[in-house]
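To keep things clear, I will list the structure first and then write my remarks on it.
Protein chains: 2
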Amino acid sequence: MLGNFSYHNPTKLYFGKDALEYLGDELQHYGKTVQLIYGGGSIKKNGIYQEIMEILLACGKEVVEDGGVMPNPTSERVELGAKRARENKVDLLLAVGGGSVCDYAKAVAVSAYCEEDFWEKYYIRFEDPTCKILPVGCVLTMAGTGSEMNGGSVITNRKQKLKIGHVFGSDVMPKFSILNPEFTYTLPERQMVSGIYDIFNHICEQYFSGEDDNVTDYLCEGLMKSVISASYRAKKNPRDYEARSNIMWAATWALNTLLDKGKTTDWEVHMLGQAVGAYTDATHGMTLAAVSLPYYRYILRYGLQKFKRFAIEVWNVKEKGSDEEIAERGLSAMENWMKDLGLTLNISDLGATPDMIEGIADATRIQKGGYHVLTRPEIVEILKASL
Amino acid sequence: MLGNFSYHNPTKLYFGKDALEYLGDELQHYGKTVQLIYGGGSIKKNGIYQEIMEILLACGKEVVEDGGVMPNPTSERVELGAKRARENKVDLLLAVGGGSVCDYAKAVAVSAYCEEDFWEKYYIRFEDPTCKILPVGCVLTMAGTGSEMNGGSVITNRKQKLKIGHVFGSDVMPKFSILNPEFTYTLPERQMVSGIYDIFNHICEQYFSGEDDNVTDYLCEGLMKSVISASYRAKKNPRDYEARSNIMWAATWALNTLLDKGKTTDWEVHMLGQAVGAYTDATHGMTLAAVSLPYYRYILRYGLQKFKRFAIEVWNVKEKGSDEEIAERGLSAMENWMKDLGLTLNISDLGATPDMIEGIADATRIQKGGYHVLTRPEIVEILKASL
């Protein structure tokens, strides 16, 4: 049954090969100083940096450089960025990159004028911002996290060995995002498939809850089938525009607050994956891939009818045999797809070792809202099965 | 292939049994004078009017009454409403009802301060508003048109015998909409099923264009399956909350600018249906139902692969026989569903007579963007087949 909810997603999107042409229009709505946020510098190699810099200068903006944001942005780095934004009286945070860069920009947006310890306030106590929030714009160069149209921000605290996401409200969502699928062409294959699994898992996290006839479950199934179809084409030819554009658009809708409306969710694969990420610094999507099957095979018994529906509707499994057999054949089909993509299916290959299991289990947040609330021994069991 | 597009839908939604509790919060963002727009008075019988009036008074609002809006709101009525809004310096237009009432409120919103002939400007020349636009809020009592989260406004000009829709931009979309599925319980069955077919056809209009592997086609299929499933349950028991809530939520997403992103569309069933509506004043959804099958059977040859996909994915038709046979079996399955719902499947039963055909054909706008651009003789042929 659809529960009570509110929905508000005001992010404006420009999508397509000509999307960057609209950046100038959007910049007019903001003041003179723009903090340009990006990652390791790939945007300098592929020319996107130069293109954006030309637009910024043509619009008369002053640019505060904030490059070199790491794949799993740290709380220390957020502190630096927030200081930079405050000291330069920045009017707009322009994030150019993938989810890490967008997530970091949102963290800076709520921290620049925060008078408390931002890590404690947002990522430990999960409070809403009470200070001035800086506006964020995104130019996306990687599809996966959906950060371009949501309030999510995942930050890693290295000292505390914690990687935690806070989902902020619509006032922290990007004011605009520019999505040109061609910008994702030069991404290494490993990052592409990692992003694809991130998208797929975002849908799963919201799908595997409840067993009634909910409109969002049908939307989830449609998005999953679209992602699977496009993933094979993109793997074969990374410059298949149709495939890359469908992946990019599916990524946005997989995590822009629509799919979980009226449902409860526990995001337990992310809780497990993020804990693995905090210990190994592995790519987000790969950590999710590495723990997914052991987790789903464990909770299958608690959400049997939905796993059966998943097998039939998403993987075209024939309705023969027991419910358990049908459900398991769905997960096997999913496993085959994951192997075809070349995803890492165990945490050992990501650098996790048996002696880390207890620590990773400690770092795994246990959440309610799914089919089963894990106990600590169950987390250890799933992590061991993921080695 | 996904074409270039922009997406921006800032309407805030409150959904569920307690949704009306949030009206007070929203009212605080607007000035003192509220124009309360509603239809024939059913909201006075079921108590919704009284509930809303209490909230308005508790918030210290002055209420300008604007009741009695007809099912197919006319341009004359819009003129009256616009004058009322202007003369009373109204701060917010609050529409309580179904699509007609919301559509009317949007027309008033862009016409109150319009210095030109609003009908000519918006509904004939399809220009954007250049005057001050009044904010609109909605309390929905019928699911179907999606007007609660889009910029669409269909108005009838009786003198010109024209029923025309203008899709305004995000500045005309409702600022907020309140969706309580229980408010739709008391709707007569004929109006409920008419709304259900309206929803289904909105999806079809956007689905039957293009034949590539587009993410929005998967979303369309998901929404269609959800509507079909919920429709049988709602027909059996109109107070099935799960069914009514899924229908209401599907209606919003069927027409809130998502499904046509990156695609061309021609909305030709609506063009035909609206022309029938201008001649018969029949319920919108019924006019669509009455022309749909003759139209789809006619254009099937131009979009064969998509009609085949529709048959397989939406209606579970077996992949046996020629493409034409599979596609036709899909439309037959759709016809059976329409009969099960009790929809009117010909325009004669809506009051159309053979001597009206030429006039209805004259009133039918021919649009590009679908599988086939109709000629006038083809329109006459389809209308005759619909008698």
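Protein chains in written order, with our numbering: chain A, -19 to 367; chain B, -19 to 367. The beta-carbon is built from N, C-alpha and C at its ideal position, and this holds for glycine as well.
In the three-state DSSP reduction, C111(B) falls in the coil class, being neither helix nor strand. Beyond the five residues adjoining it in sequence on each side, C111(B) comes within less than 6 Å, by CB distance, of Y93, C94 in the same chain, given in chain order.
The C-alpha of G(-4)(B) lies about 22 Å from the C-alpha of F148(A). The beta strand (DSSP E) runs lying completely inside the stretch 66 to 103 of chain A and spanning 3 residues or more are 72 to 77, given in chain order. About 6 Å separates the Cβ atoms of V360(B) and I337(B), confirming a contact at the 8 Å cut-off. Contact between the stretch 229 to 239 of chain A and the stretch 272 to 279 of chain A is not established, with fewer than three Cβ pairs separated by less than 8 Å. Judged by beta-carbon spacing, S174(A) lies within the 9 Å limit of G265(A), meaning their Cβ atoms are closer than that value.
For N217(A), no chain B residue has a C-beta closer than 7 Å to its own C-beta; the minimum C-beta separation is roughly 13 Å. Under DSSP, the beta-bridge partners assigned to N137(B) are L142(B). Following the DSSP letters along the chain, one finds C118(A) inside the beta strand (DSSP E) bounded by residues 116 to 120. Rounded to the nearest whole angstrom, the C-alpha separation of C118(A) and D220(B) is 43 Å. Among the residues of the stretch 91 to 108 of chain B, none has a Cβ less than 7 Å away from any Cβ of chain A. Using a Cβ-Cβ cut-off of 9 Å, A123(A) does not count as an interface residue toward chain B, since no Cβ of chain B sits closer than that to its own. The beta-carbon of C39(A) is placed no less than 9 Å from the nearest beta-carbon of chain B. Interface flag for F290(A) against chain B is unset, since no Cβ pair is found closer than 9 Å. Taking one beta carbon from each stretch, the stretch 245 to 264 of chain A and the stretch 328 to 347 of chain A have 3 or more pairs nearer than 8 Å; the two touch.
Counting along the chain, H(-12)(B) sits inside the beta strand (DSSP E) bounded by residues -15 to -5.
F(-5)(A) reaches chain B at L(-18), N(-16), F(-15), S(-14), Y(-13), K241, G242, counting residues in chain order whose Cβ is nearer than 8 Å. Burial of K101(A) is indicated by the presence of at least 16 other C-beta atoms within 10 angstroms of its C-beta. Of all alpha-carbon atoms in N137(A), M129(A), K143(A), the one lying nearest the alpha-carbon of F156(A) is that of M129(A).
Contact with chain A is absent for T110(B), since none of that chain's Cβ atoms lies less than 9 Å from the residue's Cβ. Within the model, the alpha-carbon separation for I32(B) versus G21(B) is close to 14 Å. Counting of Cβ neighbours within 10 angstroms places P154(A) among the buried residues, the total reaching 16 or more. Uninterrupted beta strand (DSSP E) stretches at least 3 residues long and entirely within the stretch 193 to 234 of chain B do not occur. For a Cβ distance threshold of 7 Å, nothing in chain A lies close to P53(B): the least Cβ distance comes to about 27 Å. A straight-line Cα-Cα distance of about 8 Å links T244(A) and Q186(A). In the structure shown, T344(A) falls within a coil segment according to DSSP collapsed to helix, strand and coil.
At a Cβ-Cβ threshold of 9 Å, L0(A) and N160(A) count as neighbours. By the Cβ rule, the stretch 10 to 20 of chain A counts as touching the stretch 36 to 45 of chain A, because three or more pairs are nearer than 8 Å. Between G61(A) and L120(A), the CB-CB gap reaches or exceeds 9 Å. Between the alpha carbons of L330(A) and W229(B) lies a gap of roughly 41 Å.
Excluding residues up to 5 positions away in sequence, W99, I135, N137 lie with their Cβ nearer than 6 Å to the Cβ of S55(A) in the same chain. Secondary structure remark: continuous alpha helix (DSSP H) runs of at least 4 residues inside the stretch 248 to 319 of chain A, in chain order: 248 to 260, 264 to 279, 284 to 295. Using a CB distance cut-off of 9 Å, A223(A) counts as an interface residue toward chain B. When the beta-carbon positions are compared, L114(A) and A75(A) stay at least 9 Å from each other. The criterion of a C-beta distance shorter than 9 Å is satisfied by L73(B) and V88(B).
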